[in-house]
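Asks:
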Amino acid sequence: MSESTFMGVPRAKISWAPVIDYAKCTFCLECDKFCPHKVYEVNREERRLIVAHPEHCVVFCRACSKTCGPDALSFPNKAEVTERIKALRKEGA
Ligand code: SF4
Ligand code: SF4
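28 is the number of the first residue of the sequence shown in my numbering; add one for each residue after it.
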């Protein structure tokens with residue numbers, strides 16, 4: 028299988044994934060139910076949702092955050108990530 032890329036840059040080099048604010052997260056799991064990309068994993072013993080596979084998150088997607096009532100999900104700065112992707116493209120990443 029070929030390596031997944033975004034705008035010609037290896038996905039693994041792009042930092043884009045949700046960040047969970049555990050002070051706000053109520054463990055409702057709506058975000059995990061919503062996302063089809065297996066980004067999250069559920070630790071039922073500790074009642075904790077984990078961003079286990081950030082590399083599965085679709086670059087610049089934020090869709091699951093709309094399912095989160097307490098607004099516990101945040102994402103990197105899109106403009107900064109875009110600049111980083113452009114720089115990587117220049118470097119021939
Ligand atoms: S931002 Fe999109 S791809 Fe990433 S975890 Fe949420 S729904 Fe899934
Ligand atoms: S939708 Fe929000 S509150 Fe619910 S599990 Fe996901 S991050 Fe936590």
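Every residue gets a Cβ at the ideal spot worked out from N, C-alpha and C, and that includes glycine.
Using a Cβ-based criterion (distance less than 6 Å to any ligand heavy atom), does residue 62 qualify as near ligand 2?
Replies: No, Cβ of residue 62 sits at least 6 Å from all heavy atoms of ligand 2.
Asks: The alpha helix (DSSP H) that contains residue 116, what's its start and end?
Replies: It spans 105-117 - the alpha helix (DSSP H) in which residue 116 sits, taken as one unbroken run.
Asks: Quick check on DSSP: helix, strand or coil for residue 53?
Replies: Coil at residue 53, not helix or strand.
Asks: Assuming residue 94 and residue 58 form a contact by the criterion Cβ under 8 Å, report the distance between their Cβ atoms to the nearest whole angstrom.
Replies: Their Cβ separation, rounded to whole angstroms, is 5 Å, which keeps residue 94 and residue 58 in contact under 8 Å.
Asks: Taking 7 Å as the limit between beta carbons, can you name the residues of its chain near residue 89, skipping five residues before and five after?
Replies: Excluding positions up to five away in sequence, the list reads 102.
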